[in-house]
Structure formats: C-alpha cells, structure tokens
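Input: a single structure, listed below in structure tokens.
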Amino acid sequence: MSQLSDGPQARRSLRETIVEAATTRLPSLMRPILGLRRTYLPLLMVYFAYGALGIIDVSRDMWIKEHLTLAPAELAAIGVWLSLPWTVKMVFGQLVDSVPIFGSQRRSYILIGAAFTACGLFTLAGTAGGWIAFARADRLYILGTMLIVVGTVIQDVVADAMSTEVVSRVDMAGNARGEDEIRTELGMVQVLGRLALGIGILAVAGLSGWLAQFFARETVFLLGLVIPAISALGVLLIRSESTERRPLDWRILGGGIGFGLIVLAVALGGLPFGQELVFVLSMLVICTMLFFVTRELDAKTRRAILFTSIIIFAFRATPSVGDGYFWWTLDVLKFDEAFYGSLRQTSAIIAIVAMWTFSKQLTEYSVTKVLFWIAVAGAILSLPNIGLFFGLHHWTEQTFGFGARAIAVIDAAAASPFAQLSMIPLLTLIAFYAPAGHRATWFALMASLMNMALVAGQLQTKYLNEVFVVQRGEYSELGPLLVIAALLGFILPIGAILLFGRRA
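In short: position in the sequence shown from 1, add 95, done, that's my numbering.
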C-alpha cells in the first residue's frame, strides 16, 4: 500500500516541481517573451522603424565622403545642430499631452512624424540624384537630415508617453499595484523597446552595406521611404488612447518655442561661439522646466533623480573620435561598403543578445552599478581601435593569422551592446516617476536633458578635431585623437559615479 500511495505523491511532486520551475524560476532568457503584450506593439513598431532607418547609413556615410566637402570638425559641428531638436522635445511633449489633432493625442502625431521623416529622405534622394538643387549639396544634406531628425523626435515623444501608459498602476481587481512590480514592468517595456530598436538595426544592417555597394545613393534613399510607413502602420493597432489631458502649460510650451526661436536665430546669424551659447541656454531652460514639473515630487525623490541624472549625463557626455576614423578605415585598411554592412549586422546581433540575456540585471539592478561596469568595459573595448591605428593588425596577422577585419569584427561584437544597455536604466527611472497627465512632457524634458549630454559630447568631439586635425588622406594626428577620446570616455563617467554614486 505504501508503494501505491507513494507513487501518486511522487508524480504530484514532480508536476509541482515542473510548474514551479515554469512559473517562478524561468530563466532570464524567457523574460522578454513573457513580458510582451499586444498593447506594446504600436510603440515597439515606432522603435523598430527608428532602428531600421539605418538602411541608409552606409550609403549616407559614403556619399558624405565621396561628394560633400565637409571636414570631420565641420561634421561634428553639424552634429551639434542636428542634436538640438532632441533638446526641445518638451515642446512636442506638451503638445502631445494637451493638444489633440483630429481628436487624437497619439495617432496623429505618429503620422506627422512619419511625414517629416519621409520628406527628409526625399530631400536626400533628390540631392544625391541632382534633381533637387536649389541650394548647395552640403546645405541640402543638413536640411534633409534635420527633417528626418524632427520626424524621429515627434514619434519618439509619442512612443515614450505610450511606454508609461501601457503599464497599469492597478491590478484586475482595481487595487493599487506595488511600486517594485510597476518599476519592473516599466523596465521590461524599456527592454522590449530597446530590443525592437536593435531588431530594426539588425534587419537592415547587412542590407545597408549591400545596397550601398550595388545601388546608387539616390536609389537607397528612396528605398528608405518604406521605413516611416512601418511606424505609420502601427497607428492601426492603437485600440484606445490616453484620456489623461491637462491644459497647456504655457511656461513650458512658450519657453520651449522661445528657446527654439533663439536657437534658430543664433544658427542663422552665425554668432561666434553660437553652439556654446545655445548649449548654456538649453541647460538653463531645461533645468528650469524640470524644476516646475518636479515640484509635486517629494524632496528625497527629487534628490535621487538629480544625482542619478548627473551620473547618466556624464556617461552620455563623452566625446567620440568623429568621422576621421571611419575615413581612415576606408583609405588605409580598405574596408568597403559590404564589410561595414556586415560589421553593423554583427553589432546588432550582439546588442540584441546582450539586452535579452541581461534583462533581469538591467531592470532590477541600480543605475550606478550598471553604468560603472559599462564604463569599465567600454574603456577596455576602445583599445582594439587604438591598436589598429598603431599597427596591431600587422602583429596579429603574423602571429595568429588574423588581421584588421577580424579585429574590427571582434571589437564591434564586444562593444556594440553598451550604448543600448546604458539607456535602459535611465528610461526605467524616467518612466517610474512620470506624473499622470504630464507623461509625455516629463519624458520629453528628461530626454532633452540627456540629449544635451550628447550635445556636450559633440562639442568635445568638435574641439578634439580642431586640435587634432584629420582630413581626407591625412591621418597623422588620428592616433592622439583616439587615445584622448578613450581616456575622456572613461574618466567622465567614473568620476561622476565616484562623486555622486552613493547619493543616487
């Protein structure tokens, strides 16, 4: 009898063990799949389309080198201006929060953003094909790229707002959910958003190199028109829109519009140190607006946001090398379009795998811990690029049988996840504290602050390229430029973490 009674118990115990393993001990690899909801699809399609815009990247970069007259320092300076639409996201955020168009606070703005992006791609195609020629090609490149940026910013504002709205603050019974539960789900939405972005990049990475090698630049830009159509299709999946709506906050809207007009006047007026002036004004405007929006939060929360924001700002304000290194790999290492497509595809695959694998750590670990290890890893992984310039590939080819291309692939594979990984803790923090009725404005303001960090990085890139001058075919000063950019990329974030990490 005992054996007969033990059998069902043993079988029941086995079933219970399987159920427990499936429900409470699922590996982190399953978390993104289990976290996916149908309501997330419209915003994920926006992020996917943003990543898939990379279909034009290789063709655009080659076109700049082959047909435009811009030097790396000039391209870095243009990058500062192209970053500025991201710093006035609060204007779009305020409109999305408060001004419905044809009764819509979400669908209409996604379509408007898609239209801007399509116009930008059309402008680039016409410039490359010679059938749009009312200005110099350099100027038309800036116009087309700016239109794409504005379209992307508008759609990004909507997707950011939706990323906080799709997470319910109450359970099925109408009871308030716990803060940890809400924070974890918000973090998962951000992970899924970064995954959608990464999948978009992956979907076109190899294709971008192939298209650049076999098709005219004009044709590739026209093919890119399919990308804004993808985000526009996501509109059909939005079942209902947020009913949270507040009157326009004219302090934010008026301040943002006024700031935009000042930026435009400075840009067109050609004032000396105009970019630096705009940067300082931007920081003053954004910080003032953040003060107004965060007045409803308690002092402890505001301090935590302040110190965490300083750390993330320092992390994102690191300079890059600029376009000179890309040109050097084309002229000296003889990398071609197809190889760059493969390189971007490798980077995209590794980024997706990393975000998928580390979804638990990214959603549950502290911001300072995540960014500390990303900064350390980023510093280590900058060494292969420096080594390539100083001839590392010659030694590895003689000793191990692999050369520059293998080193570039290994470096891209190892370094690729970190830009995406570093964004997830920030986005989770912003989403968690987003106030009802001001979600788009809040997200836009915080994102504007973080994009000002990118502007700071672009300014540093410009300064470095003015000190260490790199031109087409003249790369003697590229080595010191690589070393100093790598050092700043380590010192700035680690210094901020050491100073403010315990208070974040």
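For each residue, glycine too, the CB sits at the ideal point set by N, CA and C.
Stretch pair the stretch 171 to 182 + the stretch 547 to 560: three plus CB contacts closer than 8 Å: yes
Local Cβ density within 10 Å of Val248, reported as buried at 16 or more and exposed below that: Indexing the sequence shown from 1 puts residue 248 at position 153. By the neighbour-count rule (16 or more Cβ atoms within 10 Å), Val248 is buried.
DSSP three-state assignment for Ser178, whether helix, strand or coil: What you label residue 178 is simply residue 83 of the sequence shown in a count that begins at 1. Helix at Ser178.
Anticipated Cβ contact below 8 Å, Glu432 with Gly304, distance rounded: In the sequence shown, the residue the question calls residue 432 occupies position 337. In the sequence shown, the residue the question calls residue 304 occupies position 209. Right, their Cβ atoms sit about 5 Å apart.
For Glu569: DSSP bridge partner residues: Taking the first residue of the sequence shown as position 1, residue 569 is located at position 474. Answer is Gln566, bridged to Glu569.
Beta-carbon contacts of Gln440 that lie in its chain and below 7 Å, excluding the five residues immediately before and after: Along the sequence shown, one-based indexing puts residue 440 at 345. Closer than 7 Å at the Cβ level, and outside the excluded window around Gln440, lie Leu297, Ala300, Gly301.
Coil, strand or helix - Ser377 by DSSP: One-based indexing of the sequence shown puts residue 377 at position 282. Helix at Ser377.
Short CB-CB distance (under 7 Å) between Lys184 and chain B: Going by chain labels, chain B is absent from the structure shown, which holds only one protein chain.
Three-state secondary structure assigned by DSSP to Ala117: Numbered from 1 along the sequence shown, position 22 holds the residue referred to as residue 117. With a pLDDT of only 48 at Ala117, under 50, the local geometry of the prediction cannot be trusted, and the value read off the model is given with reservation. Looking at Ala117 - three-state DSSP - the assignment turns out to be helix.
Collapsed DSSP secondary structure at Ile586 in the structure displayed: On the sequence shown, residue 586 is found 491 positions in, with the first residue counted as 1. The answer is helix: DSSP assigns Ile586 an H, G or I state.
Proximity below 7 Å, CB of Asp409 to CB of Ser477: One-based indexing of the sequence shown puts residue 409 at position 314. One-based indexing of the sequence shown puts residue 477 at position 382. According to the sequence provided, residue 409 is Ala. The question's Asp does not apply to it. Result no, Cβ atoms of Ala409 and Ser477 do not sit closer than 7 Å.
Same chain only: Cβ atoms within 7 Å of Leu587, ignoring 5 sequence neighbours per side: Indexing the sequence shown from 1 puts residue 587 at position 492. Ala409, Ala412, Thr413, listed in sequence order.
Reduced DSSP secondary structure (H/G/I, E/B, other) of Ser199: In the sequence shown, the residue the question calls residue 199 occupies position 104. Ser199 falls in the strand class under three-state DSSP.
Residue closest to Asp192, alpha-carbon to alpha-carbon, out of Gly149, Arg132, Ser178, Thr259: As a working note, residue 192 is residue 97 in the sequence shown. When only C-alpha atoms are compared, the closest one is Thr259.
Reduced DSSP secondary structure (H/G/I, E/B, other) of Ala271: What you label residue 271 is simply residue 176 of the sequence shown in a count that begins at 1. It is a strand residue.
Own chain partners of Gln98 with C-beta closer than 7 Å, once the 5 adjacent residues on each side are dropped: For the purposes of this step, residue 98 is taken as the residue at position 3 of the sequence shown. Only weak support is given to the placement of Gln98: the predicted model assigns it a pLDDT of 42, under 50, and the value that follows is read from those uncertain coordinates. None.
Whole beta strand (DSSP E) elements within the stretch 272 to 357, 3-residue minimum: none
Nonlocal neighbours in the same chain, by C-beta distance under 8 Å from Gln493, ignoring five residues either side: As a working note, residue 493 is residue 398 in the sequence shown. Closer than 8 Å at the Cβ level, and outside the excluded window around Gln493, lies no residue.
Whole-angstrom distance between Lys184 and Ile447, CA atom to CA atom: Within the sequence shown, numbered from 1, the residue matching residue 447 stands at position 352. Within the sequence shown, numbered from 1, the residue matching residue 184 stands at position 89. Approximately 27 Å between the Cα atoms of the pair.
Inter-stretch contact (C-beta, 8 Å, three-pair minimum) for the stretch 305 to 325 and the stretch 211 to 227: yes
Three-pair Cβ contact test at 8 Å for the stretch 343 to 357 versus the stretch 379 to 391: yes
Assigned secondary structure, Arg132 (DSSP; H/G/I helix, E/B strand, else coil): Position 37 of the sequence shown, counting from 1, holds the residue named residue 132. Correct three-state label for Arg132: coil.
Top-ranked residue by Cα proximity to His488, from Thr424, Leu549, Ala551: Translated into positions along the sequence shown, residue 488 becomes position 393. Comparing Cα positions, the closest option is Thr424.
Helix, strand or coil at Asp261 according to DSSP, with G and I counted as helix: Residue numbering aside, residue 261 sits at position 166 when the sequence shown is read from its first letter. The residue you asked about is not Asp; residue 261 is Val in the sequence shown. Coil, per DSSP.
Integer-rounded CB distance, given that Phe402 should sit under 8 Å from Ser600: Here the chain comprises residues numbered 96 to 599, so residue 600 is not present and cannot be evaluated.
Own chain residues within Cβ distance below 8 Å of Leu136, not counting five before or after: Translated into the one-based positions of the sequence shown, residue 136 becomes position 41. So the list reads Gly329, Leu332, once near-sequence residues are dropped.
Limits of the unbroken alpha helix (DSSP H) element including Leu476: Looking up residue 476 in the sequence shown gives position 381. Start and end: 462 to 476.
C-alpha distance - Val141 paired with Phe421, whole-angstrom precision: Position 46 of the sequence shown, counting from 1, holds the residue named residue 141. Position 326 of the sequence shown, counting from 1, holds the residue named residue 421. Whole-angstrom Cα-Cα distance: 29 Å.
Cutoff 7 Å; reference Thr240; Cβ partners in own chain excluding five residues on either side: In the sequence shown, the residue the question calls residue 240 occupies position 145. Once the five neighbours on either side are set aside, the close Cβ partners of Thr240 are Leu177, Gly215.
Length of the line joining the Cα atoms of Ala117 and Ala254: Looking up residue 117 in the sequence shown gives position 22. Looking up residue 254 in the sequence shown gives position 159. Model confidence at Ala117 stands at a pLDDT of 48, short of 50, so the residue's coordinates are unreliable and nothing is read from them.
Selection from Leu290, Trp181, Leu163, Val284 that minimises the alpha carbon distance to Ala443: Numbered from 1 along the sequence shown, position 348 holds the residue referred to as residue 443. Answer by Cα proximity: Leu290.
Check whether Ala213 and Pro323 have beta carbons under 7 Å apart: Taking the first residue of the sequence shown as position 1, residue 213 is located at position 118. Taking the first residue of the sequence shown as position 1, residue 323 is located at position 228. Yes, these two residues count as a Cβ contact at 7 Å.
Own chain partners of Gly208 with C-beta closer than 6 Å, once the 5 adjacent residues on each side are dropped: Your numbering for residue 208 matches position 113 in the sequence shown. The answer, listed in chain order, is Gly246, Ile249, Gln250.
Secondary structure of Gly419, DSSP reduced to three states: The residue labelled residue 419 in the question sits at position 324 within the sequence shown. The answer is helix: DSSP assigns Gly419 an H, G or I state.
Supposed close pair Gly188, Val252 - CB separation, criterion 8 Å: By one-based count along the sequence shown, residue 188 stands at place 93. By one-based count along the sequence shown, residue 252 stands at place 157. Right, the Cβ-Cβ distance comes to about 5 Å (below 8 Å), so this counts as a contact.
Cβ shell of Leu549 (< 7 Å), same chain only, five flanking positions each side left out: Translated into the one-based positions of the sequence shown, residue 549 becomes position 454. Ser178, Arg411.
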